Amino acid sequence: MGRRNGKYHVFFLIFLSWIQLLVAEDLSITITANPNPAPINAQIQIQIQVSGKEMNLPEIPRPDLSEFTVLSGPNISSSVQIINFEVKTSRVITYVVVPKRTGTVVIPPISLRYKGKTISSNELKITITKEVEAGQNRQDKEVFLVAEIPKKEFYLYEPVPVIFKLYIHGRVRDNSLRLISSPEFQGFWVENIEKEIPPHQEIINAKRFVVYTLQQYVLFPIQTGELTISPMRISLDLLIKSSGSPDPFGFFEDFDGFFGNYSVKNVILQSEEKSVTIKRIPLESDHTPILVGNYDLQVKNTDFSGEALNAITVRFTIKGNGYLGHVKQLPIQFPSQFEVYDPKITRTSKFENGQYFSSLTLEYILIPGMEGKFNTPQSEIPIFDPVSQKSSSLIIPALHFNIAASSNSWTFQGRNQISGIRTEDIRYLKTEIGNLTGKDNLSPIGWSTFAIFVLNFVLLGIGVFVARIKKKETMDSGFRRYRRSKKLAVKRLKRAHELLHQHKIREFSEEMFKAITTFVSDRLNMENKQLTASETINALKNVLGQHELLQRVEHFLIRTEALRFAPVNDQGQEMQSMYDEGVQLLIELQKYL
Amino acid sequence: MKKWIPIVMIFMYSVLFSATPEEMFKEGIRLYDQKDYEAALQHFLQIETSGKISGELLYNIGNCYYRLGQKGLAIYYYEKARLLLPDDEDLEYNLKLVRSEIPGIIQIPEKFFLLEWYNRFLEWIPFTTLLALLLMIFLIFNMLFLLSYLFETSIIPVLFKRIRWFLVGVGVVLSILVWIDYRNDYGHDYGVIVRNMVQVYNEPVEGGTPLYVIYEGQKAELLRTTEEWTEILLPDGNKGWINSHAIRSLKE
Chain A
19 MGRRNGKYHV FFLIFLSWIQ LLVAEDLSIT ITANPNPAPI NAQIQIQIQV SGKEMNLPEI
79 PRPDLSEFTV LSGPNISSSV QIINFEVKTS RVITYVVVPK RTGTVVIPPI SLRYKGKTIS
139 SNELKITITK EVEAGQNRQD KEVFLVAEIP KKEFYLYEPV PVIFKLYIHG RVRDNSLRLI
199 SSPEFQGFWV ENIEKEIPPH QEIINAKRFV VYTLQQYVLF PIQTGELTIS PMRISLDLLI
259 KSSGSPDPFG FFEDFDGFFG NYSVKNVILQ SEEKSVTIKR IPLESDHTPI LVGNYDLQVK
319 NTDFSGEALN AITVRFTIKG NGYLGHVKQL PIQFPSQFEV YDPKITRTSK FENGQYFSSL
379 TLEYILIPGM EGKFNTPQSE IPIFDPVSQK SSSLIIPALH FNIAASSNSW TFQGRNQISG
439 IRTEDIRYLK TEIGNLTGKD NLSPIGWSTF AIFVLNFVLL GIGVFVARIK KKETMDSGFR
499 RYRRSKKLAV KRLKRAHELL HQHKIREFSE EMFKAITTFV SDRLNMENKQ LTASETINAL
559 KNVLGQHELL QRVEHFLIRT EALRFAPVND QGQEMQSMYD EGVQLLIELQ KYL
Chain B
160 MKKWIPIVMI FMYSVLFSAT PEEMFKEGIR LYDQKDYEAA LQHFLQIETS GKISGELLYN
220 IGNCYYRLGQ KGLAIYYYEK ARLLLPDDED LEYNLKLVRS EIPGIIQIPE KFFLLEWYNR
280 FLEWIPFTTL LALLLMIFLI FNMLFLLSYL FETSIIPVLF KRIRWFLVGV GVVLSILVWI
340 DYRNDYGHDY GVIVRNMVQV YNEPVEGGTP LYVIYEGQKA ELLRTTEEWT EILLPDGNKG
400 WINSHAIRSL KE
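Those protein sequence lines, which keep their order, are chains A and B.
First residue of the first sequence? That's 19 in this note's numbering, and the numbers climb one at a time after it.
First residue of the second sequence? That's 160 in this note's numbering, and the numbers climb one at a time after it.
In structure tokens, the structure reads:
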């Protein structure tokens, strides 16, 4: 018996090994969606099936379901089949999801490493169509979700109250309400009203609805134009009677009694998308914030006293029924001698009796840099009331500072040095009245400037005049010499005649000599007026050539030179003939020069 | 005869006891030193209303208005003083300081870098300095021109011959700059906003579309003026209409 049992054990082991050997390394992963395409408010079942020939299948990583809201999952079911000695194992992982948007949603392939190989699933494309269940044909619906806004147009910063209400005609399973996606308020500052409002009843088309206020917001538009409030999406379980209609009274929720069994239907509800038009405030300021609504400003103190270099705190509180988030500073012109720090801001808001109230406190720290009395002028913040459509101002009163000298002796060395306090003030008065002028004469160009201009033109005129004269002189000097030559020659002849009668032979001959040579040099416009006899003859050669007049002049000049340096006794006739000859020569030279 | 006595006495009294502008000016300074800015201002304004002004007087009026917290009027008088004292350092400092204390003052926006350099050059060299340079160049030219003919044998003719075209070129450039600077500063009708905050409209009617708001101390060019409305041109190129009482012309 024992031997027979042992034999069976061996065969079983061999059989198991053979089974192991027969296991191929085939592993497949597939991912599917149902339904596909699906409307946006439908629940979609995404299944990942892993199939193989091994007893132990690997763990599958979670797929990328970021485009969905997961309602349930992963739900796992496994199966093993042995057919014709072939083992087939499969594991199915199921997720129930709701899509977040319309369009084509892609779930990328799931990959894993298995026995040295990378195994990947298929890529899954799911088409999500637009289908809004709630808000359309509302009167036909048993349950719907609405977003209520009192009007379509608002001003910038004007409060926009939004209430999301759930209308139910029928029965809902307790605690089945789930928020799938919150509304988005692009372009708004959002205040969430945390206040429970008990449900109430409304009759719509002869149907009684229980109305639940799911959420209240106060939105403050911070930009102009068309703004959109995106839908809120919820899911809840409706209790449907097996006859098809839910029990409108809800008294017998847990009964299977008189009204039959209830089936549960999960519905996705979505409110309508709302658009509002945000208009510009008809009063704008580039720098001062504008408030929309009704406001009041409180300032604890307007008169301050202190010491230089010691901090002073000034606190302002604005209270109203509108948006204050854009107020970062107040339009106060603090003295330039003060170092002013950015204010510490505290904001609060609340709802009372259906009204929104907001409050803003700004606390300024000021450090006066010097002693003295300082004031800030009264200033204003513009306010626009969207109800009355009127603008007004929030008055910021003038502040008065009485600053005493600092009692501390600060040094500007070491760690106690105060840096950054730099006092600036206007320069002192002019102590001389200057040149008084008429009120209409607003120009720096005075009489002195005109006088200098005139002087310049006078100088220019004189310069031009002198230039012309000089030019004329240069051109006419030769002519003038020419014209003067005869006069000079006559003058010398007269002088010679006088000397002749005085019997001064040397002087007479010199005068006659010069009469000829000077005449020639003037006529020929030669630089050197006192020519020698040879120079004179050479100059005349260019004009007279070999004319016999040249010889006579040469002979005459030799004779006069001889008499100049070696005068002989007077022989009146000789001198007279020399005189006459000289006159004759000049007359003839005049013709040629 | 008796009728004339009081008239003569009044005349003598007014001659003897009326303060001269210089005396009022000094008195204004004294009151300013005692921090009685309102009284000091009244003294300075009295000189102005007498029909006589000077750059120094307008500067002092601007200082008084600043001390009294009326920065718009302070800037107005500084701008007016600037027409008479275009290169006064204290004036430029005060104007810059007061403007920096008023938020929302619209300045000339940044331009192409060559235009920026050009504007900075014109601001760096005041109008009177340019004018003085031009007159000096003109005078040098004329003197050298004249002397070169009077002293022909000296070095002057040679010097003149060498630099005359340079002087002509510099003179032409300076003339153009002076003309442009004069036109910029004195060729336009400018004004200063003297009210705290002024709404600018697109047209000169009540109920016109409000465009934007400008603040006291803002300088603007006056384009057209009616009894109630004035059209202005701001340094950034924007135009609009404002209440005529909100702006004072520098030519007033």
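Using N, Cα and C, we set each Cβ at its ideal position, and we do this for glycine too.
As the structure is a computational prediction, the values presented were derived from the model and not from experiment.
Can you grab the Cα-Cα spacing for the pair residue i / residue j, in whole Å?
i        : j        : result
Arg541/A : Ala507/A : 11 Å
Pro117/A : Ile198/A : 10 Å
Lys495/A : Thr312/B : Reading off the sequence, residue 495/A comes out as Ser, not Lys. Using only the alpha carbons, I get a separation of about 18 Å.
Val327/B : Thr455/A : 34 Å
Asp255/A : Ser376/A : 39 Å
Glu182/B : Lys239/B : 23 Å
Leu142/A : Leu83/A  : 11 Å
Asn155/A : Ala165/A : Reliability of the predicted coordinates at Asn155/A is poor, the pLDDT of 43 falling under 50, and the value obtained from them is presented with this limitation in mind. For Asn155/A and Ala165/A, the distance between alpha carbons rounds to 15 Å.
Gln594/A : Tyr610/A : 25 Å
Tyr113/A : Arg226/A : 37 Å
Val88/A  : Val285/A : 15 Å
Ala584/A : Tyr500/A : 32 Å
Ser46/A  : Pro239/A : 54 Å
Leu309/B : Val482/A : 11 Å
Glu207/B : Leu382/B : 26 Å
Phe322/A : Asn371/A : 39 Å
Phe297/B : Leu273/B : 28 Å
Asp44/A  : Glu72/A  : 8 Å
Tyr341/A : Lys194/B : 44 Å
Asp274/A : Ser281/A : The predicted position of Asp274/A is uncertain, since its pLDDT is 46 and thus under 50; a value taken from the coordinates is nonetheless stated next. Whole-angstrom Cα-Cα distance: 11 Å.
Using a C-beta to C-beta distance shorter than 7 Å, which residues of chain A count as neighbours of residue i?
i        : result
Asn219/B : Leu447 and Lys448
Phe297/B : Asn474
Asp249/B : Arg445
Ser213/B : Ile451, Gly452, Asn453, Leu454 and Thr455
Determine the chain B residues that contact residue i at a beta-carbon separation under 9 Å, and present them in chain order.
i        : result
Phe354/A : A quick correction: the sequence has Ser, not Phe, at residue 354/A. Under the 9 Å cutoff, chain B gives Leu256, Ser259 and Glu260.
Lys522/A : Per Cβ cutoff of 9 Å: no residues; Lys522/A is ~40 Å from chain B at best.
Leu301/A : Gln358, Pro369 and Val372
Asn393/A : Gly228
Leu478/A : Phe297, Phe300, Asn301, Phe304 and Leu305
According to DSSP, simplified to helix, strand and coil, what is residue i?
i        : result
Ala326/A : coil
Leu250/B : helix
His202/B : helix
Arg251/A : strand
Asn361/B : coil
Ser411/A : strand
Lys532/A : helix
Arg80/A  : coil
Asp132/A : With the sequence shown as reference, residue 132/A is identified as Tyr, and Asp is not the correct amino acid for it. DSSP places Tyr132/A in strand when its eight states are reduced to three.
Pro300/A : coil
Ala42/A  : Its pLDDT being 42, under 50, Ala42/A is placed unreliably by the model, and the measurement read from it follows with that caveat. In this structure, Ala42/A counts as coil in the three-state DSSP scheme.
Phe352/A : coil
Ser194/A : coil
Glu166/A : strand
By the criterion of Cβ-Cβ separation under 7 Å, what are the contact partners of residue i in chain B?
i        : result
Val484/A : Leu305, Tyr308 and Leu309
Lys488/A : Tyr308
Ile470/A : Leu294
Thr467/A : Leu290
What does DSSP give as the partner residues of residue i in its beta bridges?
i        : result
Lys259/A : Tyr280/A
Asn52/A  : Gln63/A
Asp403/A : Lys408/A
Gln219/A : Val228/A
Phe206/A : Pro239/A
Ala381/B : Per the sequence shown, residue 381/B should be read as Leu rather than Ala. According to DSSP, Leu381/B bridges with Ile391/B.
Could you tell me whether any Cβ in chain C is nearer than 7 Å to the Cβ of residue i?
i        : result
Gly481/A : Of the protein chains in this structure, namely A and B, none is chain C.
What in chain A is Cβ-close to residue i, meaning under 8 Å?
i        : result
Tyr235/B : In chain order: nothing, as chain A lies at least about 13 Å away.
Asp363/B : The question names Asp, but residue 363/B is Pro in the sequence shown. The premise fails here: Pro363/B is roughly 18 Å from chain A at the closest Cβ pair, so nothing lies under 8 Å.
Using the beta-carbon of each residue, which ones in chain A are nearer than 9 Å to residue i?
i        : result
Leu216/B : Lys448, Ile451, Gly452 and Leu454
Just to make sure I have the definition right: I need the residues of chain B whose C-beta is within less than 8 Å of the C-beta of residue i. Which are they?
i       : result
Gln63/A : Chain B residues near Gln63/A: none, gap ~60 Å exceeds 8 Å.
Members of the stretch 306-326 of chain B near chain A, C-beta cut-off 7 Å: Within the stretch 306-326 of chain B, the residues whose Cβ lies closer than 7 Å to some Cβ of chain A are Tyr308 and Leu309, listed in chain order.
Closer than 9 Å between beta carbons: that is the criterion. Which residues of the stretch 397-410 of chain A meet it against chain B? So the list reads Ser397, Glu398 and Pro400, given in the order they occur along the chain.
Name the residues in the stretch 157-175 of chain A whose C-beta lies less than 7 Å from a C-beta of chain B; which are they? In summary, no residue of the stretch 157-175 of chain A has a CB separated from any CB of chain B by less than 7 Å.
Got a sec: which bits of the stretch 177-194 of chain B sit with their beta carbon under 7 Å from any beta carbon on chain A, in order along the chain? So the close ones are Pro180, Glu181, Phe184, Ile188 and Tyr191.
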